[in-house]
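Peer 1:
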Amino acid sequence: MSKGFFRRWALATVVLTLAVIVLGAYVRLNHAGLGCPDWPGCYGHITWPNQQHEVDHAESIWPERPVEAPKAAKEMAHRYLVGILGPMIVVLAVLAWRRRREPNQPWLIPLLAVAVVIFQAVLGMWTVTWKLKPIVVTAHLL
11 MSKGFFRRWA LATVVLTLAV IVLGAYVRLN HAGLGCPDWP GCYGHITWPN
61 QQHEVDHAES IWPERPVEAP KAAKEMAHRY LVGILGPMIV VLAVLAWRRR
111 REPNQPWLIP LLAVAVVIFQ AVLGMWTVTW KLKPIVVTAH LL
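Okay, here's the thing in structure tokens:
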């Protein structure tokens with residue numbers, strides 16, 4: 011694997027990380043953080059309900075949480091992006107670890123990034139399942 015490939019992968023990972031942060035802020039500012047009442051899916055599915063029969067079914071299961079499709083779409087877009095970012099960070103860490111003996115090759119930061127993304131995923135799950143408990147939301151947004 012070339013140094014150029016590693017750098018391009020790292021750059022793509024950084025760009026996607028920034029996109030996840032911006033989208034997360036957008037979700038928060040649009041009050042869409044609970045657009046889906048469960049995790050990791052949305053109303054029990056991999057996508058948000060957008061057909062009337064899906065909305066009716068979702069609202070029968072979660073009567074206290076009426077479907078707001080625009081909010082659910084924003085929340086799921088954030089989750090999908092994170093679902094891409096997580097594996098990208100893992101690949102970056104594996105690539106860095108394999109190159110750890112090369113001079114000036116950072117390997118600890120990518121490994122720590124894996125831990126951070128796992129921790130953030132857990133906080134994201136708790137944000138939804140604990141219904142916006144302030145300490146969890148604060149930690150997730152930091």
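If you number the sequence shown the way my numbering does, the last residue is 152 and the count never jumps.
Think of the CB as a built atom: it goes at the ideal place given N, C-alpha and C, for glycine as much as any other residue.
Using only the alpha-carbon positions, how far apart do residue 117 and residue 24 sit?
Peer 2: On the sequence shown, position 107 is the one that residue 117 refers to. On the sequence shown, position 14 is the one that residue 24 refers to. Cα-Cα distance, rounded: 15 Å.
Peer 1: Determine the closest residue to residue 80 out of 138, 129 and 36, with distance taken between C-alpha atoms.
Peer 2: The residue labelled residue 80 in the question sits at position 70 within the sequence shown. Out of 138, 129 and 36, 36 has the C-alpha closest to the C-alpha of residue 80.
Peer 1: Leaving out the 5 sequence neighbours to the left and right, which residues in its chain are closer than 6 Å to residue 127 when beta-carbon positions are compared?
Peer 2: Counted from its first residue, the sequence shown places residue 127 at position 117. Same-chain partners within the cutoff: 96 and 99.
Peer 1: Flag this pair as touching only if the stretch 107–114 and the stretch 67–83 have three or more C-beta atom pairs under 8 Å; answer yes or no.
Peer 2: No, because fewer than three Cβ pairs between the stretch 107–114 and the stretch 67–83 fall closer than 8 Å, the two stretches do not touch.
Peer 1: Could you give the first and the last residue of the continuous alpha helix (DSSP H) run that contains residue 80?
Peer 2: In the sequence shown, the residue the question calls residue 80 occupies position 70. Residues 79–108.
Peer 1: Can you give me the Cβ contacts of residue 136 inside the same chain, cut-off strictly under 6 Å, excluding the 5 residues immediately before and after it?
Peer 2: Position 126 of the sequence shown, counted from the start, is the residue given in the question as residue 136. The residues are 146.
Peer 1: Taking the Cβ atom as the reference point for each residue, do residue 131 and residue 103 lie within a distance shorter than 8 Å?
Peer 2: As a first step, residue 131 is located in the sequence shown; it is residue number 121 there, counting from the start. As a first step, residue 103 is located in the sequence shown; it is residue number 93 there, counting from the start. It is not a contact, given that the beta carbons lie outside the stated cut-off.
Peer 1: Starting from residue 12 and walking both ways along the alpha helix (DSSP H), at which residues does that stretch end?
Peer 2: In the sequence shown, residue 12 corresponds to position 2, counting from 1. It is not in any alpha helix (DSSP H) - residue 12 carries neither H nor E in the DSSP assignment.
Peer 1: Could you name the residues of the same chain whose beta carbon sits closer than 6 Å to that of residue 47, not counting the 5 residues immediately before and after it, in chain order?
Peer 2: If you number the sequence shown from 1, residue 47 lands on position 37. Only 72 and 75 meet the Cβ criterion.
Peer 1: By a C-beta neighbour count over all protein chains shown, 10 Å radius and 16 as the cutoff for buried, is residue 90 buried or exposed?
Peer 2: Locating residue 90 in the sequence shown gives position 80, counting from the first residue. Its Cβ having fewer than 16 others within 10 Å, residue 90 is exposed.
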